[in-house]
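**Q** Residue numbers (my numbering): 397 to 618.
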């Protein structure tokens, strides 16, 4: 149950682990930071592979549902690559899309199972690691978003959404929930039907990204 005892316990434990991870990165040397990043990459990969094997073993894997095309699925690979290679282009994506996308998965895990089911644990671990990776590039790697990287991120997200929309039409899928609202309970339940809820999502995306950018814009003016 969302925000039930098990969920709240999980949030508390994962928040503590995330805080410790960031603090170790801030206080450790380069080798310590490298090992932590490798560990986060490995955890993301393990939970990703485990999930696909689990769904395949239980006969629940399908192209229209299980490809890593939702934002969090895509951010798993962006985060793995970014943590492993330190490529500058991954950092704004990890900050904006990693945190904004995955934090909802932590607060509203898309899993019919609860603690201690492996699917619940893996889902919470994966989404939390994506959020921590986004915080890592800011608090440990000292990445500072600028207007250019922010606009680039927004442009890339819209191009990605356009490609996924076409894929959805061809495959009969609903990745990024561009065709219809999700079946599971979510904030989108209170939104109007397609296509009007897409306009609300667009507005929310802009508000979130602007809100995440403003502190850095003020720092640059100071």
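We put the CB at the ideal spot given by N, CA and C, even for glycine.
1. Which parts of the segment 400-446 are runs of the alpha helix (DSSP H), unbroken and 4 residues or longer, counting only runs that do not cross its ends?
2. I need the straight-line Cα distance from residue 415 to residue 499, nearest angstrom please.
3. Excluding the five sequence neighbours on either side, which residues of its own chain have a C-beta within less than 8 angstroms of the C-beta of residue 436, listed in chain order?
4. Taking the beta carbon of residue 497 as the centre, do at least 16 other beta carbons fall within 10 Å, making it buried, or is it exposed?
5. Since residue 552 is in the alpha helix (DSSP H), which residue starts that stretch and which ends it?
6. Do residue 519 and residue 447 come within 9 angstroms of each other at the CB atom, strictly closer than that value?
7. Hey, could you find the ends of the alpha helix (DSSP H) residue 520 is sitting in?
8. Return the chain-ordered list of same chain residues with a C-beta closer than 6 angstroms to the C-beta of residue 487, the five sequence neighbours on each side being excluded.
9. Under 9 angstroms between the Cβ atoms of residue 563 and residue 489?
10. Please list, in chain order, all residues of the same chain as residue 576 whose beta carbon is under 7 angstroms from its beta carbon, the five residues on each side excluded.
11. How many angstroms separate the CA atom of residue 566 from the CA atom of residue 578?
12. Quick check on the burial criterion: 16 or more other C-beta atoms within 10 angstroms. Buried or exposed for residue 454?
13. How should residue 503 be labelled, buried or exposed, when 16 other C-beta atoms within 10 angstroms of its C-beta is the threshold for buried?
14. Note the first and the last residue of the continuous alpha helix (DSSP H) segment covering residue 588.
15. Is DSSP giving residue 501 helix, strand or coil here?
16. Can you check whether the C-beta of residue 406 is within less than 9 angstroms of a C-beta belonging to chain B?
17. Measure the CB-CB distance between residue 584 and residue 549 and report whether it falls below 9 angstroms.
**A** For this structure:
1. For the segment 400-446, whole alpha helix (DSSP H) runs of length 4 or above, ordered along the chain, are 401-423.
2. Translated into the one-based positions of the chain shown, residue 415 becomes position 19. Translated into the one-based positions of the chain shown, residue 499 becomes position 103. Whole-angstrom Cα-Cα distance: 15 angstroms.
3. The residue labelled residue 436 in the question sits at position 40 within the chain shown. If we look at residue 436 and ignore the five residues flanking it on each side, its Cβ neighbours are 417, 475, 479, 525, 528, 529, 532.
4. Here residue 497 is taken as the residue at index 101 of the chain shown, counted from 1. Result: buried.
5. Residue numbering aside, residue 552 sits at position 156 when the chain shown is read from its first letter. Its alpha helix (DSSP H) spans residues 543-567.
6. One-based indexing of the chain shown puts residue 447 at position 51. One-based indexing of the chain shown puts residue 519 at position 123. In contact: residue 447 and residue 519 (Cβ atoms closer than 9 angstroms).
7. Residue mapping note: residue 520 aligns to position 124 of the chain shown, counting from 1. 514-535 is the span of the alpha helix (DSSP H), which, as asked, contains residue 520.
8. Within the chain shown, the letter at position 91 stands for residue 487. For residue 487, where only same-chain residues beyond five positions count, the Cβ hits under 6 angstroms are 533, 539.
9. Stepping through the chain shown from its first residue, residue 563 is reached at position 167. Stepping through the chain shown from its first residue, residue 489 is reached at position 93. Contact annotation: residue 563 and residue 489 have beta-carbon atoms that are not nearer than 9 angstroms.
10. Within the chain shown, residue 576 is the residue found at index 180, counting from 1. Closer than 7 angstroms at Cβ, skipping near neighbours: 570, 590.
11. Indexing the chain shown from 1 puts residue 566 at position 170. Indexing the chain shown from 1 puts residue 578 at position 182. In a straight line, the C-alpha of residue 566 is about 19 angstroms away from that of residue 578.
12. In the chain shown, residue 454 corresponds to position 58, counting from 1. Flag for residue 454 reads exposed.
13. Position 107 of the chain shown holds residue 503. Its Cβ having fewer than 16 others within 10 Å, residue 503 is exposed.
14. By 1-based counting over the chain shown, the position of residue 588 is 192. First-last for residue 588: undefined, no H or E at that position.
15. Residue mapping note: residue 501 aligns to position 105 of the chain shown, counting from 1. Three-state DSSP puts residue 501 in a helix.
16. Reference to chain B is not applicable here, since this structure consists of a single protein chain.
17. As a working mapping, residue 584 is identified with position 188 in the chain shown. As a working mapping, residue 549 is identified with position 153 in the chain shown. Their beta carbons are not under 9 angstroms apart, which means residue 584 does not touch residue 549 by this criterion.
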